[in-house]
Amino acid sequence: MPTTTPLILIEKRNPKNTAQQTGTNAVTAHEKVTIPVKGMTCAACQARVQRALQAKPGVFDASVNLMLKNAAVTYDPVVTSPKALVETIRETGYGAELAAQDQTAFDEQEAQDRAQEEEYRELRHKALLSGSIGLLAMTLSMPLMGAADADVHGPVADLFMRWAMESMTPAIHAVAPWLYTFTPWVLSYALLALTLLVMGWAGRHFYVRAWSAFRHHSANMNTLIAVGTGAAFLYSVLATVAPEFFLSRGVLPDLYYEAVIMIIALILTGNALEARAKRQTSVALRRLVELQPKTARVVRAGAEVDIPVNDVQSEEIVIVRPGERIPVDGAIISGTSAVDESMVTGESLPVEKQPGDRLIGGTINRTGAFRYRATTLGSDSVLAHIVKLMCDAQGSRAPIQRLADQVSGIFVPIVLSLAIATFVIWFVTADQAPAMRAFAAAVAVLIIACPCAMGLAVPTAVMVATGKGAERGILIKGGEALQRAGQINTVVLDKTGTITEGRPTVTDVVPVWGTEWSEKDLVRLVASIEASSEHPLAEAIVRYANEQSLPLATADSFQSVTGQGATGVVDGAALAVGNEALMADYAVDLTAVKEEVERLAGEGKTPMYIAINGKLAGLIAVADPIKPTSREAIQKLNQLGLMVVMLTGDHRRTAEAIARQAGIDRVVAGVLPEGKVAEVRRRQQAGEVVAMVGDGINDAPALAQADVGFAIGTGTDIAMEASDVTLMRNDLRGVVSAILLARRTMRTMKQNLFWAFVYNVVGIPVAAGILYPAFGILLSPILASAAMAFSSVSVVTNSLRLRHARVA
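Using numbering that gives the first Met the number 0, you'd call the opening residue of the sequence shown number 0 and step up by one each time.
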């Protein structure tokens with residue numbers, strides 16, 4: 000099959016719990032490489048490659064994906080290398096090669112889409128032609144099935160052949176009676192020629208891959224197909240060239256040419272349908288790639304010119320008109336508009352954009368024209384990051400897959416043994432035509448037992464679910480995160496920027512009676528200190544001072560005290576602004592404002608103490624309103640049976656007031672970042688499966704500690720890096736959707752695995768003839784091939800139902 004040049008993506012990373020993985024306390028630099036693997040066709044292939052990679056020294060983790068036909072390997076570059084990993088894969092009998100490093104995630108996905116399309120077209124072409132030849136072969140076989148067969152074999156137990164003889168024979172007699180004038184010799188050699196054509200062309204890859212597996216001391220799906228059809232073919236050839244060998248022993252020289260051709264045709268049909276269905280599992284990722292415009296209109300030498308989007312330079316001025324797609328990330332410098340970001344963030348309504356606002360490449364400008372400055376380009380762009388994250392997620396593995404891997408590793412040898420046992424039992428016990436029935440039953444066992452469905456059960460669900468999530472602005476980092484999200488029973492929410500807007504405003508300024516400081520003095524001094532801080536509360540105070548047109552001074556000796564506040568010197572006065580803990584460190588008496596603090600906290604405001612030169616000078620209160628959607632989201636989380644907890648560094652009275660407004664019963668207040676981690680760990684030790692939702696730098700440790708970390712996409716890059724799920728919208732309803740999607744996906748995975756196992760548990764005994772003693776029924780090898788071919792299609796189709804799942 001023609002293939003495009005594969006891409007290998009290498010990224011450096013420091014995974015969570017590195018020290019635990021390596022058994023040391025040192026942080027080891029890991030690298031991750033994604034290697035395309037050629038020739039994998041079933042779960043047994045996948046399991047063999049995975050075992051080989053995991054046994055390689057220096058490999059920390061290997062995830063082999065049958066759907067994407069690649070291996071994602073995390074390794075120690077000091078111990079091994081991508082070239083060595085490629086050689087390890089080749090030693091298992093499968094193809095792998097390194098490719099150029101300059102391709103983007105867009106290029107990789109487009110190449111994969113082309114390869115999938117070519118694979119589907121080739122399989123469809125082969126299936127149609129071999130199916131047509133199979134029908135011709137069955138027509139030619141009918142005259143060979145004379146009445147003598149019934150005398151020797153008894154009643155035809157093969158359901159398919161019984162139907163064929165009863166339905167086709169009268170029609171052939173009526174339409175083409177001249178076929179019955181040919182001698183059996185002519186018909187037999189004509190069937191031999193047709194079978195050789197189909198085996199050598201349409202089914203060639205089955206035998207080539209089976210031989211390759213044999214040379215590398217392994218077995219897979221191709222082994223079962225090759226052994227089953229190969230044995231039937233050789234038996235038929237012997238019956239064609241030396242019929243007297245059978246006749247002298249009282250056995251009719253039965254031919255199975257039409258069975259060989261139909262088996263190959265039906266398997267190819269199943270493979271083609273499977274390939275078509277697999278293409279649909281990545282439709283969401285394909286849509287993301289298609290968002291990338293091909294050209295951009297930029298200003299060069301004072302003129303507007305259209306250039307390829309890859310040629311846009313950083314800081315270059317880009318022009319976008321109404322209805323056009325934004326080519327690259329940037330920030331508006333002139334003009335206003337409403338931008339449709341739904342394809343990236345899941346936000347249904349266009350977002351108003353003004354000068355200074357951020358733009359995401361691939362989104363659509365709806366109304367006004369504007370100019371903006373290009374910022375992040377190429378692989379650093381938001382859309383490229385999303386595509387890369389999606390590719391990694393769809394290539395990852397869910398822990399539930401391990402059971403299928405363990406079974407797949409021993410499945411084919413067991414099936415071969417069962418086929419031999421089936422032949423022996425039938426040959427010894429059959430009352431009529433023991434050799435023929437033993438042979439047909441053994442071939443049926445080989446053909447029906449395909450481990451493909453087990454290999455596709457979990458990856459297909461992961462691919463569809465991560466794509467579904469991306470369409471709703473929910474980026475799930477892989478199968479493991481998806482599975483854990485489906486097991487969550489406790490959701491811990493940070494307050495600022497998660498439950499609340501994250502854009503607080505100053506509501507009260509309270510000077511202490513009898514001091515020399517007025518409200519404006521306090522605001523000016525505090526804003527001068529907070530101008531050096533990046534905390535949302537600090538930004539609110541500085542913004543308030545600017546609105547009051549108060550001149551700010553330069554702060555000396557500024558120091559941010561994590562989780563407590565800030566200190567510094569302004570105009571010769573030593574200031575400390577923060578919570579009770581900070582005041583306690585400076586032995587500041589807070590008695591004078593105790594009642595005022597209680598009042599403000601009871602109103603859901605955050606009071607901050609102001610100490611000047613070691614004495615309490617006043618209070619400044621800030622309120623951060625709850626997002627309009629937070630209460631609805633928290634209500635839905637409660638309806639899902641989840642325990643919802645709010646974590647915050649705020650004063651308890653303030654935290655409880657916000658919690659009441661949001662509909663939260665459990666509050667942990669006054670905690671520093673390390674306290675958030677400790678609270679998450681405490682709940683995990685109590686047996687809870689904890690999700691942490693946050694958006695700030697101080698949330699990153701808790702996000703990493705949680706079983707599943709949710710980062711609000713409008714938060715910091717550090718928080719998103721530490722998380723397992725990124726919400727592109729600043730909306731807690733995304734947490735509800737992600738959990739619902741994970742639960743639906745887990746049900747689908749379990750359904751797929753159940754039916755994949757049950758199919759073989761039921762199918763193999765039926766193929767072996769368990770129904771014959773009671774009902775006189777045998778399963779035709781042709782029907783067995785049809786059942787095998789469509790088992791994988793049913794698994795993929797069941798996964799595709801997730802595309803229409805309701806997750807809101």
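For every residue, glycine included, the Cβ atom is placed at its ideal position computed from N, Cα and C.
Note that the coordinates shown come from a computational prediction; the quantities given were computed from them, not determined experimentally.
Contact set for residue i: own chain, Cβ-Cβ below 6 Å, skip 5 residues either direction
i: M435; result: D253
i: M381; result: First, the amino acid is wrong: residue 381 is Val here, not Met. Result list for V381: D328, I359, in chain order.
i: N270; result: L122
i: A741; result: L481, A484, G485
i: S784; result: I262, L265, I266, I446
Residue i vs residue j beta-carbon contact at 9 Å
i: G454; j: A383; result: no
i: M462; j: M66; result: yes
i: A464; j: L481; result: yes
i: V298; j: V311; result: no
i: I447; j: M787; result: yes
i: F59; j: T40; result: no
i: A42; j: V406; result: yes
i: V688; j: D706; result: yes
i: Y93; j: V36; result: yes
i: M280; j: S798; result: Per the sequence shown, the amino acid found at residue 280 is Thr instead of Met. Cβ atoms of T280 and S798: closer than 9 Å.
i: K675; j: D493; result: yes
i: G361; j: P307; result: no
i: V679; j: A276; result: no
i: A209; j: A225; result: yes
i: T294; j: P321; result: no
i: G227; j: V78; result: no
i: R502; j: A539; result: yes
Buried or exposed by the 16-neighbour rule on C-beta atoms within 10 Å, applied to residue i
i: Y256; result: buried
i: N545; result: exposed
i: S313; result: exposed
i: K476; result: buried
i: L233; result: exposed
i: I262; result: buried
i: F753; result: exposed
i: P56; result: exposed
i: P458; result: buried
i: E479; result: buried
i: I332; result: exposed
i: W425; result: buried
i: P772; result: exposed
Reduced DSSP secondary structure (H/G/I, E/B, other) of residue i
i: Q558; result: strand
i: K352; result: strand
i: H29; result: strand
i: K614; result: strand
i: P412; result: helix
i: P307; result: strand
i: P606; result: strand
i: T294; result: strand
i: A373; result: strand
i: A804; result: coil
i: S548; result: coil
i: D709; result: Before going on, a small fix: residue 709 reads as Phe here, not Asp. DSSP places F709 in strand when its eight states are reduced to three.
i: A95; result: strand
i: G329; result: strand
i: L731; result: coil
i: A149; result: Only weak support is given to the placement of A149: the predicted model assigns it a pLDDT of 43, under 50, and the question is left unresolved by the model.
i: D106; result: helix
Neighbourhood of residue i by C-beta, 8 Å cutoff - its chain only, sequence neighbours within 5 removed
i: K519; result: Q547, L549
i: L191; result: S235, V236, T239, Y256
Contacts around residue i, its chain only, beta-carbon distance under 7 Å, and the 5 residues preceding and following it disregarded
i: A258; result: A231, P780, I781
i: V569; result: L524, S527, I528, A552, A554
i: E655; result: V666
i: R802; result: V463, K467
i: A397; result: V457, V461, G478, E479, L481, Q482, M748
Q: Output the residue ranges of the alpha helix (DSSP H) runs that lie fully inside the segment 34-58 and measure 4 residues or longer, sorted by chain position.
A: 42-53
Q) Fully enclosed by the segment 185-259, which alpha helix (DSSP H) runs are 4 residues long or longer? A) 203-214, 220-240, 242-246
Q) Taking the runs of the alpha helix (DSSP H) that are 4 residues or longer, which of them lie wholly in the segment 458-532? A) 478-484, 518-529
Q) Mind pulling the beta strand (DSSP E) runs of 3 or more residues that sit fully within the segment 616-660? A) 642-646
Q: Could you tell me which uninterrupted beta strand (DSSP E) segments, each at least 3 residues in length, are contained entirely in the segment 663-712, listed from first to last along the chain?
A: 665-667, 689-693, 707-711
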